[in-house]
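Reading through the structure tokens given below for one structure.
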Amino acid sequence: MILKKQVAIIGGDARYLELIKKLISKPNYTIKLIGYDQLDQGFLGVQYTDLEELNPEILDVIILPITGVEEGGYVKSTFSNRSIRLPDDFFGKLKSSTLVFTGINTNYLKQVTKDHPLTLIPMMERDDVAIYNSVPTAEGTILLALQQMKITLQDSNVIVLGLGRVGLTVADKFAKLGANVYAGVRKTKDIAKAKTFGFEGFHLSELPAYIKKCNLLINTVPALIVDEPELNAFSADALIIDLASKPGGINFEYAKKRGLNTIHALGLPAKVAPKTAGEILATVIDQLIAEHQ
């Protein structure tokens, strides 16, 4: 007889519908949903409940929203208008072996893990999730570029800043569409990496010179790189897309003063491919639960 893991999914967005669907298909989970009372089409084989009825002492796994837990313990759910609050004592009742998955590690969760011996797993900080998500992120960036640019991607000059987990996939996708891709990096080894993928690599100190012929700049580096000197070098019809987490790598205030078309495109996987994004989360969570058995 299979001893089923007790899983509580508390809050979430459209990505979580596919996550729930995938986990339901596994025979080793009993799933409880909190914050899904306004779901148009429900799931079979799950338990819909309220936080007040949930016994934290029996839970083996908790899956929190990508946005984590906000100050005061509040949790967001796209599928409920009810207030969902996880007080500190809720976490205090969990078993030390309970796995707590979250998208990001908020200040509230950081304090909770100081107070209680929990295994907290921030999904958006993981290499595997970032690599999987790089494909829908790249495709979402392509969609934005097609909607916003007045020229074709083929033969356009595209600068990608950073060749990390996301940047490399983005650069590769644009190159395959016929764009001239230039990769701005900090390390010599990344210039070599760019060359092996067929891009022209350059050091970030040379950025202003490359910007002069740039039609589209895509930033993936979570540090201020494109400031006033760089923004002054852009042509008026250039497009800037920042994929880096807040506050991003662009001086947005100055870009606005210059009248440049600048987009801080956060959470693209959830917006352009929520089903795929949910499948990614389900795959990684299922693997991690198995590893912790």
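Here this note's numbering runs 1 ahead of the position in the sequence shown, where the first position is 1. From the three backbone atoms N, C-alpha and C, an ideal C-beta is built for every residue, glycine too. Bear in mind that the values here come from a model prediction, so they are computed numbers and not experimental data.
Leaving out five residues before and five after residue i in sequence, what residues of the same chain have Cβ atoms less than 7 angstroms from its Cβ?
i      : result
Phe280 : Here the sequence assigns Glu to residue 280, which means Phe is not the residue at that position. Answer for Glu280: Glu19, Lys23, listed in chain order.
Leu60  : Gln7, Ala9, Leu95, Thr99
Gly69  : Thr103, Gly104, Ile105, Asn106, Thr107, Leu110
Gly46  : Ile25
Out of curiosity, what's the CA-to-CA distance linking residue i and residue j?
i      : j      : result
Ala131 : Ala139 : 12 angstroms
Ala239 : Leu145 : 13 angstroms
Lys111 : Gln148 : 39 angstroms
Pro28  : Leu4   : 10 angstroms
Thr221 : Tyr75  : 29 angstroms
Glu254 : Glu201 : 30 angstroms
Ile209 : Ala234 : Residue identity check: residue 209 is Pro in the sequence provided, not Ile. Each residue's Cα considered, the two are about 6 angstroms apart.
Leu154 : Leu178 : 7 angstroms
Opposite residue i in the DSSP bridges: which residues?
i     : result
Lys6  : Tyr30
Tyr49 : Leu34
Ile63 : Ala9, Val101
Val76 : Ile85
Reducing DSSP to helix, strand and coil, say where residue i ends up.
i      : result
Asn331 : Nothing about residue 331 can be reported from this structure: the residues present for the chain run from 2 to 294 only.
Pro123 : strand
Arg86  : strand
Val70  : coil
Thr277 : helix
Thr263 : strand
Phe44  : coil
Gly268 : coil
Ala1   : Beyond the ends of the chain as shown, which are 2 and 294, falls residue 1; an answer cannot be given.
Among residues of its own chain, excluding the 5 on either side of residue i, which ones have a beta-carbon nearer than 8 angstroms to its beta-carbon?
i      : result
Ile1   : The requested residue 1 does not occur in the structure, where the chain is confined to residues 2 to 294.
Val171 : Ser135, Thr138, Ala139, Thr142, Val161, Ile219, Thr221, Leu244
Glu229 : Asn252, Tyr255
Leaving out five residues before and five after residue i in sequence, what residues of the same chain have Cβ atoms less than 6 angstroms from its Cβ?
i      : result
Val113 : Phe92
Ile64  : Ile10, Phe102
Quiz item: What are the uninterrupted segments assigned as alpha helix (DSSP H) that are 4 or more residues long and contained completely in the segment 215-251, given in chain order?
Solution: Scanning the segment 215-251 from its first residue to its last, the whole alpha helix (DSSP H) runs of 4-plus residues come out as 229-233.
Self-check item: Entirely enclosed alpha helix (DSSP H) segments - the segment 127-180, minimum 4 residues
Solution: For secondary structure counted as the alpha helix (DSSP H) over 4 or more consecutive residues, the segment 127-180 holds these complete runs in sequence order: 128-149, 168-177.
Practice problem: Just list the beta strand (DSSP E) runs in the segment 183-213, keeping only unbroken ones of 3 residues or longer that don't cross its boundaries, in chain order. | Solution: Secondary structure remark: continuous beta strand (DSSP E) runs of at least 3 residues inside the segment 183-213, in chain order: 201-204.
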